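Only one structure is covered here, and it is reproduced in the block below.
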Amino acid sequence: RLGRWLGALIPFALLAIAALILHKELSARQLSAALDSARGIRLGAVATAIALTVVSYLVLTFYDFLALRYIGKRLNRALIVFTAFIAYAFSHTISFASLTGAAIRYRLYAAQGVSIGDVARIAAFNVLTLGSGCILVGGMSLVLMPAGVAGVANIPDGWVRVVGAAAMAGVVAYLAYAARPGTALQFRGWSLPLPGTKLAVRQVIVGVIDVALACAVLWTLLPASANVGFVAFSGIYVIACTVGLLSHVPGGVGVFESMVLLFLPQVPRHDLLGALIAYRAIYYLAPLALALVLFAFREVVAQRARLIVLIRAAELYLGSIMPRLAAAIVFIAAIVLLLSGATPLIDSRLSMIRHLLPLPVLEISHLAGSAIGTALLILARALLRRVRAAYDIVFWLLLAGIAASLLQGLDVEEALLLSAILGVLYLGRAAFYRSSSLLYERFTGGWIASVAAVLVLVTCVGFFMYREVAYSNELWWHFALHADASRMLRGSLVAAIVAVVLLLSNLLGPPHAKADSGPNDGPGGLHAALGQATSSLAQAVLAGDKRVLMSDSGSAFVMYQVARRSWVALGDPVGDRCAHQQLVWKFRELSDRHGGWTVFYQVSGDRLPLYVDLGLELFKLGEEARVPLAQFSLDGSSRSELRHAHRRVSRASASFEIVPVGAAETLMPTLRGISQEWLVAKATAEKRFSVGSFSEAYLHQFPIALVRYRDEPVAFANVWTTPDHSELSVDLMRFSSGAPNGTMDFLFVELMLWARAEGFGAFNLGMAPLSGLPTHQLAPVWHRLGNFIYRHGEHFYNFDGLRRYKSKFRPVWEPRYLAAPGGLAAPRVLADISILIAGGLKELVTK
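Counting from 357, one number per residue, gives the positions in the sequence shown under our numbering.
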């Protein structure tokens, strides 16, 4: 634990050192002069720097060429160049460069047969390439030109040369080691085979050229007063880059600059900072902007047919990197908002605001921006953990941040940046599916240190910008159009209070309730209990969106999820009936231990005594339709409507088939297209918890009932079954616009006929909500309310139509119940369940 905390404090320490150096070296006037200096750099120097940047990024593509040769893969050259450029443009700007670049490479190389293991080896190979280049360039600089580093470090030139020679010897040792057949680098259980002499030599050459070119970009932009040779400067550049990488700050911003300022004390500060600003713009921001445009253009060209397909494709590309990317860009958005609150507003825009908005609006917007920035800073961690609630909150906070940016100073640029971040998050919304509570996502020591570091540095920037202000108690209460220092003080206080409250809420909140087993426990756990299931609803556990609580004997389980204070179990316990009583009490104890309400949703009538014993009240949810298959046929007048629909679809060249478990691999792209079209046509989102959502991994676990029309799939449903063949049902039911009228009737009829032939006892058509409730005037309030909704709520949900549709199959209707705390808790439980099934509050309202 101590080692982890010390490791987490390293970036904090580097940031603090960088802040001290910047504070010592710069002044507020120099910051303004630096921008003027950047604008005054000679056009020829700028053109040379741009040309060197182009060549540098071309050389970077050779990293991937060599790495692909190392793993034995041959890919299209254009694809390699495109992918390498995109990966490096992103990873240079976003922290954790190796992981970010690896995620992008996997998405773009995967279609060519490159596995995730291959991508990991490419990333490791590229790290070695960059490392060897940095070490050799830095070592040569220290050996040939040690004076610059020796003077700043206050050590003799001889010792600097020794360090440089040792670094160069390390690269030579690597080449010699790589020449030995069968050798590999070992690190914490990982093994990386070395590439051999020829490939290792090329690797070092490419690394040296890359580092030299990147260094040359900045060296070209340096003012004439720098008076430093390229060889001497290359050592300073390598040291600055290394410290920047160790800080884990995206792009090493601030840390890299502080090191360059430290090692070049003879250069006027504003001129050197101007060169560094120009370097950032040319080598980092311009390639990133181009990479974003190329990436977007590629998607538009590939998916130009329909906008909805383009959006889905963008979601697919961003899916694997979205949590890390979202955390990074939201963290950046938070810093932007906090810096906006700590720095002066633009005078010309303030004058415009004076005529548009009253002063209280500006003051409140300024405080809101600081509070929103702090909240985003903290919530970025939960995005990394794919928490859906965090995504929803961040989404609305960014909208509020856009409004605050415009209201506090007409900061259009900041609002556009936040809008772009909001757009990226929207494209990747599918990646945030975990329904865990925010209080359950414990912050690590590293994250707390990062949040504290940002808040401290932003506060220091604020005091630095207003260093000439005479601070007094009156400043806290000074409200005026140009009272920027007072607003900075109040904003810093609000940010600190929000941070302390949120961090304490997390640290002092309830501990995470971990499931005793899960869907991947193997035949000894979950699947053994599933083998004794008598209800097809038990298969919902395989959707992977629920927690699992096993009985002490391991022969039964409850599947559940936590929705705010409600701990909601789906259906009756699954498995050995003898273990049910002990298991429901175990679940009750677990929820009580965490201050939650015990809830059992959609339970059958024959297990009600279990829930009454727990002290729960019972609410009838509706009735479930079960069709006895032994008597099912299309004969007789009572089934004439089904018979005619079945014949009509059959005559339209439709066919039915059952795709066995795991045999639908080639069909998955088509099924995904049908599902997406169905969701768009129904203007709805995927539901959760009580039903499954479209996922290839999920569907591969079940047989698929498939309808083809003119040999093309037009409808499908995955089939839930019980091991004893007592029941089967369907979960996902999707059809395309090209399906003939009556296709779903046709699918149900064919599936029932097939199930009857296979020896299944009943087909479960699912529940008709709020149907079958008592209508007597003395019935409980819940039943009377349910009847009212059933009769008058057709505009919102087709209650009566759904029951009438299922009645065509002549089912046996069986009641289903909700067992939950009564009184004032009941409405909140129902709201929690609704949000849980909808997938979030926003989805419940909008979909």
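For each residue, glycine too, the CB sits at the ideal point set by N, CA and C. Just so you know, these numbers come straight off a predicted model, no measurement behind them.
Assign SER1163 to one of three DSSP states: helix, strand, or coil.
Residue state, collapsed to three classes: helix.
What first and last residue would you give for the alpha helix (DSSP H) that runs through ALA631?
Its alpha helix (DSSP H) spans residues 625-635.
Who pairs with LYS976 in a beta bridge, going by DSSP?
Partner(s): TYR1173.
Return the CA-CA distance between ALA855 and HIS722, expressed in angstroms with no decimal places.
Answer to the nearest angstrom: the Cα atoms are 17 Å apart.
For LEU569 and ILE406, I'd like the C-alpha separation in whole angstroms.
In a straight line, the C-alpha of LEU569 is about 11 Å away from that of ILE406.
DSSP three-state call for TYR1153: helix, strand or coil?
Residue confidence is low: TYR1153 scores 49 on pLDDT, short of 50, so the model does not pin down where it sits. Its coordinate-derived value is still stated next. Of the three classes helix, strand and coil, the one that applies to TYR1153 here is coil, per DSSP.
Just to confirm, are ALA523 and GLY495 a CB contact at a threshold of 9 Å?
Going by C-beta atoms, ALA523 is nearer than 9 Å to GLY495.
Is the Cβ-Cβ distance between THR485 and LEU464 less than 9 Å?
In this structure, LEU464 does not lie closer than 9 Å to THR485 by Cβ.
From TYR916 to ARG982, what distance separates their C-alpha atoms?
Distance between the alpha carbons of TYR916 and ARG982: 24 Å.
How should HIS868 be labelled, buried or exposed, when 16 other C-beta atoms within 10 angstroms of its C-beta is the threshold for buried?
For HIS868, the pLDDT reaches just 46, beneath the cut-off of 50, and the residue's location in the model is therefore unreliable, although a value from the coordinates is still provided. So HIS868 counts as exposed.
Determine the extent of the beta strand (DSSP E) in which GLN888 is found, giving its start and end residues.
From DSSP, GLN888 is part of no beta strand (DSSP E); its letter is neither H nor E.
Kindly identify the DSSP beta-bridge partner or partners of ARG954.
It is worth fixing the name first, because residue 954 is Thr in this sequence and not Arg. According to DSSP, THR954 bridges with TRP923.
Going by beta-carbon coordinates alone, are LEU550 and THR539 separated by less than 9 Å?
Taking 9 Å as the Cβ cut-off, LEU550 and THR539 qualify as a contacting pair.
Taking the straight line between their C-alpha atoms, what separation do you get for PRO875 and ARG1090?
Confidence at PRO875 is low in this model, with a pLDDT of 41, below 50, so the placement of that residue should be treated as unreliable; the coordinate-derived value is given next. Each residue's Cα considered, the two are about 25 Å apart.
Quick one, are the C-beta atoms of SER488 and GLY520 less than 9 Å apart?
Not in contact: SER488 and GLY520 (Cβ atoms no closer than 9 Å).
Is it true that the CB of PRO579 sits closer than 9 Å to the CB of GLY630?
For GLY630 and PRO579, yes; Cβs fall inside 9 Å.
Taking the straight line between their C-alpha atoms, what separation do you get for HIS422 and ALA1061?
The sequence given here has Leu at residue 422, not His. Between LEU422 and ALA1061, the C-alpha separation is close to 47 Å.
With which residues is ALA1071 paired in a DSSP beta bridge?
ALA1071 pairs with VAL1063 and PHE1091.
Which one of VAL897, TYR822, VAL1105 and PHE446 has the shortest CA to CA distance from HIS1002?
When each option's Cα is compared against that of HIS1002, the closest is VAL1105.
Can you tell me the Cβ-Cβ gap for LEU732 and ALA698, rounded? I've got them flagged as a contact below 8 Å.
Not really, about 15 Å apart at Cβ, beyond 8 Å.
If you measure between the beta carbons of LEU858 and THR730, is that distance less than 9 Å?
Against a cut-off of 9 Å, the Cβ pair of THR730 and LEU858 comes out as a contact.
Express the C-alpha separation of ALA480 and THR598 in angstroms, rounding to a whole number.
Their backbone Cα atoms lie some 17 Å apart in a straight line.
What residue ranges within the segment 477-530 form continuous beta strand (DSSP E) runs of no fewer than 3 residues, ordered along the chain?
Counting only runs of 3 or more, we get nothing.
Within 10 Å of its beta-carbon, does SER892 have 16 or more other beta-carbons around it, so buried, or fewer, so exposed?
The residue in question, SER892, is buried, as its Cβ has 16 or more Cβ neighbours within 10 Å.
Once DSSP output is grouped into helix, strand and coil, what is the label at VAL856?
Note: VAL856 maps to helix in three-state DSSP.
Applying the criterion that 16 or more other CB atoms from any shown protein chain within 10 Å of the CB defines a buried residue, is GLY880 buried or exposed?
Any reading at GLY880 needs caution, since the residue's pLDDT is 45, under 50, leaving its predicted position unreliable; the model's value is listed next. Its Cβ having fewer than 16 others within 10 Å, GLY880 is exposed.
Would a C-beta distance cut-off of 9 Å place SER1163 and GLY1122 closer than the cut-off?
Cβ distance not < 9 Å, so SER1163 and GLY1122 don't count as in contact.
If you pair each beta-carbon of the segment 1093-1113 with each one of the segment 906-916, do three or more pairs fall below 8 Å?
They do not touch, by the three-pair rule.
Counting along the chain, where does the beta strand (DSSP E) carrying ALA1019 start and finish?
No beta strand (DSSP E) holds ALA1019; DSSP gives it neither H nor E.
Report, in whole angstroms, the separation of the C-beta atoms of ILE460 and LEU650, which I expect to be a contact under 8 Å.
The Cβ separation is near 12 Å, so there is no contact.
Assign ALA1037 to one of two classes, buried (16 or more other C-beta atoms within 10 Å of its C-beta) or exposed (fewer than that).
Under this definition ALA1037 is an exposed residue.
Along the chain, where does the beta strand (DSSP E) that runs through PHE1119 open and close?
Note, PHE1119: beta strand (DSSP E), 1118-1125.
For PRO716, which residues does DSSP report across the bridge?
Note: PRO716 sits in no beta bridge, so no partner.
Just to confirm my understanding: we take LEU416, look at its own chain, exclude 5 residues before and 5 after, and list those with CB closer than 8 Å. What are they?
So the list reads ALA440, PHE441, TYR444 and ASP566, once near-sequence residues are dropped.
Can you name, in chain order, every residue of its own chain whose Cβ lies under 8 Å from the Cβ of VAL717, other than the five neighbours on each side?
Excluding positions up to five away in sequence, the list reads LEU763.
In chain order, what residues of the same chain lie with their CB nearer than 8 Å to the CB of GLU1114, ignoring the 5 residues before and after it?
Cβ within range, chain order: HIS1081.
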